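All residue numbers for the sequence shown refer to UniProt numbering, where the first residue is 1 and numbers rise by one. Since the structure comes first, as structure tokens, the remarks are kept for the end.
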Amino acid sequence: GKKFNARKERVEGEHYLGIQKFRFYIRCPRCSTEITFKTDPQNGDYTAELGAMRNFEPWRDETAVDEEKKAERAEAEENNPMKALENRTLDSKREMDILDALDEIRTRNARSERVDADAALGALMANDEARRERARKWQEEEDER
1 GKKFNARKER VEGEHYLGIQ KFRFYIRCPR CSTEITFKTD PQNGDYTAEL
51 GAMRNFEPWR DETAVDEEKK AERAEAEENN PMKALENRTL DSKREMDILD
101 ALDEIRTRNA RSERVDADAA LGALMANDEA RRERARKWQE EEDER
């Protein structure tokens, strides 16, 4: 790998789901031309802006495959009403599963937000005190023997 010293700046006004986008400036090691690229959190990648060109963009292939699958599904549903009903049933089941998982995550997050540091520390101290008490009782029983 090659190490590049890059300048980083925030891209003002561009966010994706609350995630800030950044722009990086580097120099080509061969010709010293400035190359700029910007982070792309939506695709978990980057976009080349100036001085560079992508050889391969993986999300373009994914969108082409997705469009092809949608077209095949629409054609199959058009020719077979039973298949259309099955697909709608599967879609609604998938949506319900996603909503259940989302509700579970929200519940877990709400539960973790309710737990405050003092309560957690108090529980740990009570647990430690109970352990010490058990050890003390055990020691007393051993001394009596």
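Even for Gly, the Cβ is constructed at its ideal location relative to N, Cα and C. All figures in this text were calculated on a predicted structure; none of them were measured in a lab.
- Separation of residue 9 and residue 23 (C-alpha to C-alpha, rounded to the nearest whole angstrom) is 5 Å.
- For residue 17, the secondary structure class from DSSP, reduced to helix, strand or coil, is coil.
- Residue 3 is not a Cβ neighbour of residue 14, given a cutoff of 7 Å.
- When beta bridges are read from the DSSP output, residue 39 appears opposite 46.
- In the three-state scheme derived from DSSP, where H, G and I count as helix and E and B as strand, residue 65 is classed as helix.
- Here DSSP, grouped into helix, strand and coil, assigns residue 93 to helix.
- In the displayed model, residue 23 falls within a strand according to three-state DSSP.
- Note on geometry: alpha-carbon atoms of residue 28 and residue 114 lie some 51 Å from one another.
- For residue 120, the enclosing alpha helix (DSSP H) has its first and last residue at 117-144.
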